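Participant: Dropping the structure in here first, questions after.
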Amino acid sequence: MNVRTPIAIAATICTLCALTLLLPIFASPGWLDDVVVAVLTVGISGIVARLVRVPLSLAPLVQALALVCAMTALYVPHYALLGVIPTGESIASLRVMADAGWTEIILKPTPVAVSAPLALVAALSLGLFAILVDFLAVTLRLPALTGLALLALIFVPLSVYHKGIPWPAFVATATGFLLLLAVDNWDRLWRWGAAAPNHSGEGQRSPSMGGAGRHLWFTAQVAAMAVAVALLVPTALPGLVNDAVFALASGVQSNGQRVTTTHPIASMRRDLTSVSDRQVLRYTTTADRPDYLRMYVLDSFDGEVWTMSAVEASARNRVDDSELPLPAGRATDDVAEDELVRTTITVASRVSRMDFLPVPAPARHVEISGEWFADPSTLMVFSTRDEAGGRTYEVQSLPDNADRSALAEVSYPVSGSVDQRYLEVPDHLDPRIAPLTDSIVNDASGPHEAAVQLQKWFTEEGRFTYNLQPPPVPEGSDPLRHFLFDSRVGYCQQFAAAMALMARQAGIPARVAVGYTEGERRSNGEWVVTESNAHAWPELYFQDFGWLRFEPTPSSTTGQDSASVPFYAYSAPDSSTDSDTDDAPDTDDAPGDSPGEDAQAPSDSSASPVDDGALSTSPTTNRMDGLLVVAVAGTVIAAALLLLVPALPTLIRLLVRRLRWGRANGAGERAHAAWRELQDDVVDLGLVWNVAESPRAAARRLSETARLAEPATAALWRLAKAEESARYAPHPADGQGLEADSRTVRLALRASVSSGQRLQAILLPRSLWRTWPNGEASLPAPQPRST
Numbered sequence: 003m004n005v006r007t008p009i010a011i012a013a014t015i016c017t018l019c020a021l022t023l024l025l026p027i028f029a030s031p032g033w034l035d036d037v038v039v040a041v042l043t044v045g046i047s048g049i050v051a052r053l054v055r056v057p058l059s060l061a062p063l064v065q066a067l068a069l070v071c072a073m074t075a076l077y078v079p080h081y082a083l084l085g086v087i088p089t090g091e092s093i094a095s096l097r098v099m100a101d102a103g104w105t106e107i108i109l110k111p112t113p114v115a116v117s118a119p120l121a122l123v124a125a126l127s128l129g130l131f132a133i134l135v136d137f138l139a140v141t142l143r144l145p146a147l148t149g150l151a152l153l154a155l156i157f158v159p160l161s162v163y164h165k166g167i168p169w170p171a172f173v174a175t176a177t178g179f180l181l182l183l184a185v186d187n188w189d190r191l192w193r194w195g196a197a198a199p200n201h202s203g204e205g206q207r208s209p210s211m212g213g214a215g216r217h218l219w220f221t222a223q224v225a226a227m228a229v230a231v232a233l234l235v236p237t238a239l240p241g242l243v244n245d246a247v248f249a250l251a252s253g254v255q256s257n258g259q260r261v262t263t264t265h266p267i268a269s270m271r272r273d274l275t276s277v278s279d280r281q282v283l284r285y286t287t288t289a290d291r292p293d294y295l296r297m298y299v300l301d302s303f304d305g306e307v308w309t310m311s312a313v314e315a316s317a318r319n320r321v322d323d324s325e326l327p328l329p330a331g332r333a334t335d336d337v338a339e340d341e342l343v344r345t346t347i348t349v350a351s352r353v354s355r356m357d358f359l360p361v362p363a364p365a366r367h368v369e370i371s372g373e374w375f376a377d378p379s380t381l382m383v384f385s386t387r388d389e390a391g392g393r394t395y396e397v398q399s400l401p402d403n404a405d406r407s408a409l410a411e412v413s414y415p416v417s418g419s420v421d422q423r424y425l426e427v428p429d430h431l432d433p434r435i436a437p438l439t440d441s442i443v444n445d446a447s448g449p450h451e452a453a454v455q456l457q458k459w460f461t462e463e464g465r466f467t468y469n470l471q472p473p474p475v476p477e478g479s480d481p482l483r484h485f486l487f488d489s490r491v492g493y494c495q496q497f498a499a500a501m502a503l504m505a506r507q508a509g510i511p512a513r514v515a516v517g518y519t520e521g522e523r524r525s526n527g528e529w530v531v532t533e534s535n536a537h538a539w540p541e542l543y544f545q546d547f548g549w550l551r552f553e554p555t556p557s558s559t560t561g562q563d564s565a566s567v568p569f570y571a572y573s574a575p576d577s578s579t580d581s582d583t584d585d586a587p588d589t590d591d592a593p594g595d596s597p598g599e600d601a602q603a604p605s606d607s608s609a610s611p612v613d614d615g616a617l618s619t620s621p622t623t624n625r626m627d628g629l630l631v632v633a634v635a636g637t638v639i640a641a642a643l644l645l646l647v648p649a650l651p652t653l654i655r656l657l658v659r660r661l662r663w664g665r666a667n668g669a670g671e672r673a674h675a676a677w678r679e680l681q682d683d684v685v686d687l688g689l690v691w692n693v694a695e696s697p698r699a700a701a702r703r704l705s706e707t708a709r710l711a712e713p714a715t716a717a718l719w720r721l722a723k724a725e726e727s728a729r730y731a732p733h734p735a736d737g738q739g740l741e742a743d744s745r746t747v748r749l750a751l752r753a754s755v756s757s758g759q760r761l762q763a764i765l766l767p768r769s770l771w772r773t774w775p776n777g778e779a780s781l782p783a784p785q786p787r788s789t
């Protein structure tokens, strides 16, 4: 067997264990079979390449070719020679599939439904990951560096899945990494023998196996402590496992430029579940009651996920001094200049990756520095290179003057009056949804009344429950069907998506918008929007009025309590009845009233306006107070952890020393422990340690080069003689006092070097990652002579 084969096998097992990290981000394990094939192909081809003595530098190339052949055989065998050997046509087919799979990954939030293109991307990506692990562990013989590769893989589920990593997956990955390190240590000892034979008198054991066992036990102890810390720390700081680094990248193509942004739904959920509830932006406005701030428009529904169509970033759509395109559905722009709503928005500087602007809709003019574009069909304002964080911009938008009575006279749109994609409904929906929609809107006199009835159906008390942690959808079940007929628990994403779909079934063009509610008004007249104001809502199209917002999300003091129903989203008043029966809220409410539960229960005539002084006792403020306590506690814990991380090498070095002395029982073992401590101290200080030197020669050289004083020199010679006795004497000399001598020599050596060397020895001890040429710090030792 090739000397590197055990390491190659361990590297393959390590990679297979790491695959468990990715299980949560897929809706089913159907991707796993092909990925396992890819990883095994890489591992086996690497072993074969080394057995036939392919140059080590070419092994990754051999593995890559084998990976391509395996993927060809799995996905496009009909285009390949003999079903395995790639051809130009098979490579082109694989590329098309990979592009399709990458698009699915970009546009669909987790957990992603598995398809053949997506499984191909996963297999190719993790096959390349296996090549990297093999290269680090086997070719370079630096298995510890594979920990960085595993860390990068850990960040994949952390970045795209709000629930983080299940602890069994983390333990499996840590176990695979531990196995790789242990096999590497065993391999080195097996080839070179142990530096210090056992003197317990238990017969003639193999030095290499004994050394390997000790190394494995020590490695297991350190790894167990590290795993325990990694599993226990998140319980003290929940933010570490709940959207700590949530950043699912999404891209849409436009005129050759790729617009990369955070996935709208993922971004919204990250903000809603944030324990800190940090400020996102603040603004001033001329509107008495500002409306929501829209960022994204999702117009395509595939039966599971709402996504947005490609936006157009072209010169003619650049945001400049001219007006934005006329909003869809508006025949003319008859609003006078002084009637436009003016909003000045400042985005917090800490906000990152915000390349779509939050703006009140519909916007007519945006003034902002940098290169920004306005999509003509949706009026989303975005950039391909700039970000909104730290910027201040001004928006002029049309006032919200939709009239319920006028809306009640609007008929269903005729063909050609609106883009038909806003009426598209997937064919494979649950057959119960359409009859449910019909039963809700069958008495409606027109599209406006149908929209109001749908909204009312979702918000009626007792029918649905708002919860940011809805129950998981059973495997194989349709999320929409599960929400409408089974759980009836969700947050704004589910409510907005369900109502938009049902509106399309009712013949009303609909889409989903994502952004922020209006936020909270402060005493100085400024409005503040925080992460908890992130929201999704449906927008429905009405001829001559354009796209109008509706609000099907029930109000909740523990969730999105700032959601509000716009005035026009109630039934039109019946002129034949008394006006007191009108179910719309009183329009005379003071500006800045909280739009939470009162907006969802307009019939409650006892609701009173909320003035600025009452803001301190509002549900939002109470929630903020609770979150502030959590944030302060989390900050203290995070600060303690940040202080602890730089000290980890120091703590590990101290742990190594304590374990080394604690395991040394007999005189011979204490002598070996003292000598190994001397080796590590010398290496930590950046001094030279020659593995070919005898203990006496090493002591002589160190005492001369370091110019040790008499007490330290005497202690150093006692260490050398004790090691010499432990190696060669039938009965090793008494090992008492060696720990004190070791401390004396360590302090003397530190005094002989510069302050920079001393500091590095404490903070970044080199002995923790040293690699000796022969696997140990001394030459193979002879067995003690028998008496």
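Every position in the sequence shown, counted from 1, becomes a number in the working numbering once 2 is added.
Note that beta-carbon positions come from the ideal geometry of N, C-alpha and C, so glycine has one too.
Source: prediction; values computed, not measured.
Would you decide whether Asn-187 is buried or exposed? Buried here means 16 or more other CB atoms lie within 10 Å of its CB.
Facilitator: Counting Cβ neighbours within 10 Å, Asn-187 comes out buried, since at least 16 surround it.
Participant: How is the beta strand (DSSP E) around Ser-399 delimited, first residue to last?
Facilitator: 394-399 is the span of the beta strand (DSSP E), which, as asked, contains Ser-399.
Participant: For Leu-155, which residues of its own chain have a beta-carbon under 7 angstroms away from its beta-carbon, when the five flanking residues on both sides are left out?
Facilitator: So the qualifying residues of the chain are Ala-20, Leu-23 and Phe-131.
Participant: How should Asp-340 be labelled, buried or exposed, when 16 other C-beta atoms within 10 angstroms of its C-beta is the threshold for buried?
Facilitator: That one is exposed.
Participant: Taking the C-alpha atoms as reference points, what is the distance between Glu-726 and Leu-183?
Facilitator: In a straight line, the C-alpha of Glu-726 is about 30 angstroms away from that of Leu-183.
Participant: In chain order, which continuous runs of the alpha helix (DSSP H) of length 4 or greater are located wholly inside the stretch 46-119?
Facilitator: Segments of the alpha helix (DSSP H) lying fully in the stretch 46-119: 61-77 and 90-109.
Participant: Find the nearest neighbour of Ala-675 within the set Arg-659, Asp-686 and Val-690, judged by alpha-carbon distance.
Facilitator: Taking only the C-alpha atoms, the option nearest Ala-675 is Arg-659.
Participant: On the premise that Val-116 lies in contact with Ala-29, defined as a C-beta separation below 8 angstroms, what is that separation, rounded to the nearest angstrom?
Facilitator: So it is a contact: roughly 6 angstroms between Cβ atoms.
Participant: When you compare only the Cα positions, how much space is there between Phe-487 and Glu-451?
Facilitator: Approximately 24 angstroms, taken between the alpha carbons.
Participant: Return the chain-ordered list of same chain residues with a C-beta closer than 6 angstroms to the C-beta of Val-420, the five sequence neighbours on each side being excluded.
Facilitator: Hits under 6 angstroms: Pro-511 and Tyr-543.
Participant: Following the continuous beta strand (DSSP E) through Pro-540, name the residue where it begins and the one where it ends.
Facilitator: Looking at the DSSP string, the run of the beta strand (DSSP E) that includes Pro-540 is 536-544.
Participant: Rounded to a whole number of angstroms, what is the C-alpha to C-alpha distance between Leu-96 and Thr-74?
Facilitator: So the alpha carbons of these two residues sit roughly 7 angstroms apart.
Participant: Which of helix, strand or coil does DSSP assign to Thr-519?
Facilitator: In this structure, Thr-519 counts as coil in the three-state DSSP scheme.
Participant: Taking the continuous beta strand (DSSP E) assigned at Ile-347, which residues delimit it?
Facilitator: Start and end: 343-349.
Participant: Closer than 6 angstroms by C-beta to Val-123: which residues in its own chain qualify, once you throw out the five before and the five after it? Chain order, please.
Facilitator: Same-chain partners within the cutoff: Ala-100, Gly-103 and Trp-104.
Participant: Quick one: what's got a C-beta closer than 6 angstroms to Arg-344's C-beta in the same chain, skipping five residues either side?
Facilitator: Once the five neighbours on either side are set aside, the close Cβ partners of Arg-344 are Thr-288 and Gln-398.
Participant: Which residue marks the beginning of the alpha helix (DSSP H) containing Gly-758, and which one marks its end?
Facilitator: Element bounds for Gly-758: 757-765.
Participant: For Arg-513, which three-state DSSP category applies?
Facilitator: Strand.
Participant: Going by the CB atoms, is the gap between Leu-359 and Ala-317 shorter than 7 angstroms?
Facilitator: It is not a contact, given that the beta carbons lie outside the stated cut-off.
Participant: Going by C-alpha to C-alpha distance, which of Tyr-285, Arg-296 and Gln-762 sits closest to Trp-529?
Facilitator: Cα-wise, what sits closest to Trp-529 is Tyr-285.
Participant: Taking DSSP as the reference, what is the three-state secondary structure of Phe-466?
Facilitator: If DSSP states are grouped into helix, strand and coil, Phe-466 belongs with coil.
Participant: Under 8 angstroms by Cβ, that's how I've got Val-383 and Val-349 pegged, so tell me the actual separation to the nearest angstrom.
Facilitator: Actually they do not touch by this definition, with Cβ atoms about 13 angstroms apart.
Participant: Along the chain, where does the alpha helix (DSSP H) that runs through Tyr-796 open and close?
Facilitator: Nothing can be reported for residue 796: it is not among the residues displayed for the chain, which extend from 3 to 789.
Participant: How should Pro-433 be labelled, buried or exposed, when 16 other C-beta atoms within 10 angstroms of its C-beta is the threshold for buried?
Facilitator: Burial call: exposed.
Participant: Would you give the residue range spanned by the alpha helix (DSSP H) that Glu-792 belongs to?
Facilitator: The structure shown does not extend to residue 792, since the chain is modelled only from 3 to 789, so the question has no answer here.
Participant: How would you call Ala-48, buried or exposed, if buried means at least 16 neighbouring beta carbons within 10 angstroms?
Facilitator: Looking at the sequence itself, residue 48 is Gly, so the reference to Ala does not match. Answer is buried; the Cβ neighbour count reaches 16.
Participant: With which residues is Phe-28 paired in a DSSP beta bridge?
Facilitator: Phe-28 is bridged to Val-114.
Participant: Quick one: what's got a C-beta closer than 6 angstroms to Ala-666's C-beta in the same chain, skipping five residues either side?
Facilitator: These residues qualify, in order along the chain: Arg-672 and Ala-675.
Participant: According to DSSP, is Thr-380 part of a helix, a strand, or is it coil?
Facilitator: Three-state DSSP puts Thr-380 in coil, outside helix and strand.
Participant: How should Leu-160 be labelled, buried or exposed, when 16 other C-beta atoms within 10 angstroms of its C-beta is the threshold for buried?
Facilitator: Buried, since its Cβ has 16 or more Cβ neighbours within 10 Å.
Participant: Name the residue from Pro-449, Val-684, Gly-548 and Leu-83 whose alpha carbon lies nearest to the alpha carbon of Ser-744.
Facilitator: Ranking Pro-449, Val-684, Gly-548 and Leu-83 by Cα distance to Ser-744 puts Val-684 first.
Participant: For Pro-428 and Gly-509, which I take to be in contact (beta-carbon distance under 8 angstroms), what is that distance rounded to the nearest angstrom?
Facilitator: With a Cβ gap of about 16 angstroms, Pro-428 and Gly-509 do not count as contacting.
Participant: Does the stretch 677-692 come close enough to the stretch 700-717 that 3 or more CB-CB pairs lie under 8 angstroms?
Facilitator: Counting Cβ pairs under 8 angstroms, three or more are found: they touch.
Participant: Taking buried to mean at least 16 other C-beta atoms within 10 Å of its own C-beta, is Ala-338 buried or exposed?
Facilitator: Exposed.
Participant: Residue range of the alpha helix (DSSP H) that Gln-471 falls in?
Facilitator: Taken as a continuous stretch (DSSP letters only), Gln-471 belongs to no alpha helix (DSSP H), as it is neither H nor E.
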